[in-house]
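Below is one structure, written out as structure tokens; the observations come after it.
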Amino acid sequence: MPISPKGYAYGCCVGCLRGRRLAPREGADVSNGDFVGVFDSGLGGISVLKRLVAELPHERFVFFGDSANAPYGDKPVEQIRSLSTNIMDRFIAEGAKAIVIACNTATSASASYLREKYPSIPIVGCEPALKPAALAPRHRRILVMATAATLRLQKFRDLREEWGRESEVICVPCVGLVQLIETGDLDSPELHALLQRLVGQYRGQVDSVVLGCTHYPFIKRQIADVLGEVPFFDGGTGAAHQLGHLLREGGLLAPDDAEGGVEFRSSKSTPQEIELYRHFYTLPV
1 MPISPKGYAY
11 GCCVGCLRGR
21 RLAPREGADV
31 SNGDFVGVFD
41 SGLGGISVLK
51 RLVAELPHER
61 FVFFGDSANA
71 PYGDKPVEQI
81 RSLSTNIMDR
91 FIAEGAKAIV
101 IACNTATSAS
111 ASYLREKYPS
121 IPIVGCEPAL
131 KPAALAPRHR
141 RILVMATAAT
151 LRLQKFRDLR
161 EEWGRESEVI
171 CVPCVGLVQL
181 IETGDLDSPE
191 LHALLQRLVG
201 QYRGQVDSVV
211 LGCTHYPFIK
221 RQIADVLGEV
231 PFFDGGTGAA
241 HQLGHLLREG
251 GLLAPDDAEG
261 GVEFRSSKST
271 PQEIELYRHF
281 YTLPV
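Structure representation (structure tokens):
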């Protein structure tokens with residue numbers, strides 16, 4: 001596993017093309033740009049990456065997980081913006097044609113700031129999928145699970161004001177949940193106990209659950225074990241549709257005969273972290 005001069009771990013490409021697994025190749029060549037950069041505070045954004053690949057199988061994606069600084073949800077806005085800017089600068093220097101902020105917290109804290117700072121590059125964010133939950137047939141009580149930062153920032157307050165008027169929106173700041181998911185042990189007693197403490201009281205009491213953090217789609221089954229069977233909504237599919245729209249609109253879409261691919265990178269400079277990312281890429285969301 002090669003390590004970049006600046007200390008980031010790099011993973012080999014595990015691209016998909018029209019549902020067919022491509023033979024892994026070491027280090028997807030992004031030297032000529034023409035790729036989509038995707039980043040998250042950690043490995044949660046891989047849940048979004050999977051939707052992006054399914055929607056746009058001919059694109060080349062470079063995923064960067066800032067696991068060394070995870071979680072973002074307990075950090076001040078200024079620090080989140082600084083971390084996001086550093087990642088953006090790296091992607092842009094390598095010639096990224098578009099960026100996806102595969103993190104609800106980073107989107108809430110820095111999407112508008114980054115679009116102002118980098119007006120020439122398409123930037124797609126992720127936000128809690130409150131709109132589709134509110135438009136669902138059953139929407140009387142909607143449970144929103146997210147980081148404390150996502151829930152307190154203005155972007156979510158505006159979203160709730162627009163789409164939460166006809167529903168009772170129950171917001172649960174899930175402190176500590178990202179850290180447990182980042183360990184890779186999704187069936188640990190600690191994770192189950194934390195979910196029980198956070199949302200156990202709502203079992204059978206809500207019509208739907210909005211997963212307002214990109215880490216959470218990986219633990220739908222574990223959440224359902226605590227809450228009971230309930231519809232889940234997350235922002236990954238919306239982000240994929242929006243990226244496709246922006247690429248088509250800007251004439252940036254890869255041709256149909258292009259070989260799509262995925263490269264993983266992490267701010268944790270260990271081969272083990274990249275292997276964990278690759279494992280999560282195989283999990284259902």
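Using the UniProt record's numbering, read the sequence shown as starting at 1 and increasing by one per residue. Using N, Cα and C, we set each Cβ at its ideal position, and we do this for glycine too. Small disclaimer: the values here were computed from a predicted structure and weren't measured.
As far as DSSP is concerned, Leu49 takes part in no beta bridge. Selection Val38, Arg221, Gly95 and His279 evaluated against Asp187 yields Arg221 as nearest (Cα-Cα).
Annotation: the continuous beta strand (DSSP E) that includes Phe61 extends over Arg60 to Gly65. DSSP places Gly42 outside both helix and strand once states are collapsed to three, so it counts as coil. Closest by C-alpha distance to Leu246, out of Gly73, Glu55, Lys50 and Phe39, is Glu55. For Leu247, the enclosing alpha helix (DSSP H) stretches over residues Gly236 to Glu249. Listed as beta-bridge partners of Glu168 by DSSP are Arg141. Rounded to the nearest angstrom, the Cβ distance from Val62 to Glu263 is 5 Å, consistent with a contact under 8 Å. Three or more Cβ pairs closer than 8 Å define a contact, and the segment 223-236 meets that threshold against the segment 198-209.
Here Leu180 is near Leu194, since their CB atoms are less than 8 Å apart. With contacts defined as CB atoms closer than 8 Å, Gly184 and Leu276 qualify as a contacting pair.
The C-alpha of Tyr118 lies about 26 Å from the C-alpha of Lys268. Residue Lys97 holds the alpha-carbon nearest to the alpha-carbon of Ala254 among Cys126, Glu273, Lys97 and Pro137. Boundaries cannot be given for Phe218, as no beta strand (DSSP E) includes it and DSSP labels it neither H nor E. Nearest to Thr147 by alpha-carbon distance, out of Val124, Arg138, Val172 and Gly164, is Val172. Bridge partners of Pro173 according to DSSP: Ala146. Looking at the DSSP output, Ser112 shares a beta bridge with no other residue. Taking a 10 Å sphere around the C-beta of Arg203, we find fewer than 16 other C-beta atoms and assign the residue as exposed. For Val175, same chain residues with a beta-carbon under 7 Å away, outside a window of 5 residues either side, are Ala148 in chain order. Within the segment 179-211, the runs of alpha helix (DSSP H) that reach at least 4 residues and sit entirely inside it are, in chain order, 189-199.
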